[in-house]
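Under our numbering, the first residue of the sequence shown is numbered 97, with each subsequent residue one higher.
Beta carbons: idealized from backbone N, C-alpha and C, even for Gly.
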Amino acid sequence: MAKTIFCFARFVRSQGIALTAVLNSDELSGDWLVTGLYREIMKGRRERVFNRKEQSQNGNSHRPPDLEEFDPTLTPPVIEAARSGHNGHTIPDFGNGSRVKPSVPLPRREIPSGKTGRVSGKPVGGTPTQDSRWRLLLGLGIAVMTFLAALFWLQGSVEGVEVVVATREIATGQIISADDLTTARLSGSSDYASRLIASKELSGLTRDGSERKVAARLIRAAEPLMKQDLIPASQYNRSGIPEGQVALSLPTTSAYAVSRISRGDQVTLLITNKSSGSDAKNQAIVLAENIKVLEVARSGSSLSLNSSSSGAGSSNSGALSGLTLLVTLEQARQISQAREQGVITVVLQPLTGAAEGLVTISPPATEAAPVTTVIPVGTITPTGGQR
């Protein structure tokens, strides 16, 4: 559109005098206007083709369009067709002073076979913006249909899956028998169904000669069984204490431990010496790090310090009264001895995935500030002397 307006402006400027004379005359010929405009447009196209050919010869990779050379002296095809009576239109002779100017529609240009259908760098049949919009809408429609089809297929694949469920309540540590399990049809998400025990595995759980299974947690009646709910009897530890460690009860209060400590947290133990005398300086020493909390006891809670992990959780109500810690036997001896020599403070560690603590740190003594450390045998004395 912009190119057409530009060409029309050039035409009006070059033919200004003649155009003024024609407009002022009584005989206004539509042929003259159309012919002049057509010649001016063809002249501009010929100049563009010439410039593009020069750019191509100078090394420009842009390929000029396949256009024919236009003769600006030619009469527009629409005028020739109208004069010869084609397309059902006939232009009368305007030499008698008639002002009747019929409207002659431009014929639709037919693209010859083998051509690209491009005249000025734009596709014929629609603007690039319209074509891109239709392609975008078509792509979105296909994506939505694909998503809905996949969703329906996933939902249909989960329905009808048979899984293993409990026929009655199974206590933690109870040996599984054939009467405790049955199958049921499940309807739910595929992710949840993949974590359950399929019905085809039921015979292997209770088959004679196979290793007996026990319940790792409390299983309610009609509850689907997950794969981690049943473990071999040889791997079940009724106390919940890993091999090589012991459970140590440590009485404490909120004044010496964080009240929000819960089961499974990791803590660091600090000891502060009970020094006496005017020159004594108390200093906190790291007693043990990365100690796992097995149970948390609170006042008013029914849980005891040494309760096992057989399905019951720690109560969060009431004031903190004690902790059950998982430590090595040597750490248990050192912590018990330190309780008599000083005050133990419990520090809550961030959940960084550190290994369970087997480390005991005793900083070196300095001349300016003698410190007290925990030693395996004997009583605690200032550094430099041992009994």
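Which of the three DSSP states, helix, strand or coil, is assigned to residue i?
i, result
"L314", "coil"
"P460", "Unreliable placement is indicated for P460, whose pLDDT of 39 sits below 50; the coordinate value is still reported in the next sentence. The answer is coil: DSSP assigns P460 none of H, G, I, E or B."
"T438", "It is worth fixing the name first, because residue 438 is Gly in this sequence and not Thr. The answer is strand: DSSP assigns G438 an E or B state."
"I367", "strand"
"I431", "helix"
"D280", "Strictly speaking, residue 280 in this sequence is Ala, with Asp absent from that position. Residue state, collapsed to three classes: strand."
"L354", "Leu is not the amino acid found at residue 354; the sequence shown has Val there. V354: coil per DSSP, three-state reduction."
"I381", "strand"
"A245", "helix"
"A267", "coil"
"Q331", "helix"
"E164", "Residue confidence for E164 is low, a pLDDT of 43 falling below 50, so the modelled location carries little weight; the figure read from the coordinates is stated next. Coil at E164, not helix or strand."
"E258", "strand"
"I387", "strand"
Just mark residue i as buried or exposed, buried being the case when its beta carbon has 16 or more other beta carbons within 10 Å.
i, result
"A246", "exposed"
"I238", "exposed"
"T420", "buried"
"I271", "exposed"
"L390", "buried"
"V442", "buried"
"E385", "buried"
"G409", "Caution applies to G409, whose pLDDT of 40 falls short of 50 and renders its modelled position unreliable; the value that the coordinates give is listed next. It counts as exposed."
"D122", "Note that D122 has pLDDT 42, beneath the 50 cutoff, so the model's placement of it is unreliable and no number is given."
"R303", "exposed"
"V240", "exposed"
"R141", "buried"
Nearest CA to the CA of residue i: which residue from the options?
i, options, result
"L532", "V261, L234, Q445 and T364", "Nothing can be reported for residue 532: it is not among the residues displayed for the chain, which extend from 97 to 483."
"E319", "V310, L233, V382 and A280", "A280"
"R313", "E297, A289 and G269", "G269"
"A68", "R231, V259, Q331 and R429", "A question about residue 68 goes unanswered here, because the residues of the chain that appear run from 97 up to 483."
"I266", "L233, D287, A317 and S345", "A317"
"G257", "I440, A294 and I337", "The question names Gly, but residue 257 in the sequence shown is Val. Checked all of I440, A294 and I337; the closest Cα to V257 is A294."
"L383", "T368, R394, S395 and A393", "T368"
"D325", "A311, A289 and F243", "A311"
"I357", "L282, Q445 and R229", "Q445"
To which residues does DSSP link residue i through a beta bridge?
i, result
"M322", "L292"
"G418", "P347 and A393"
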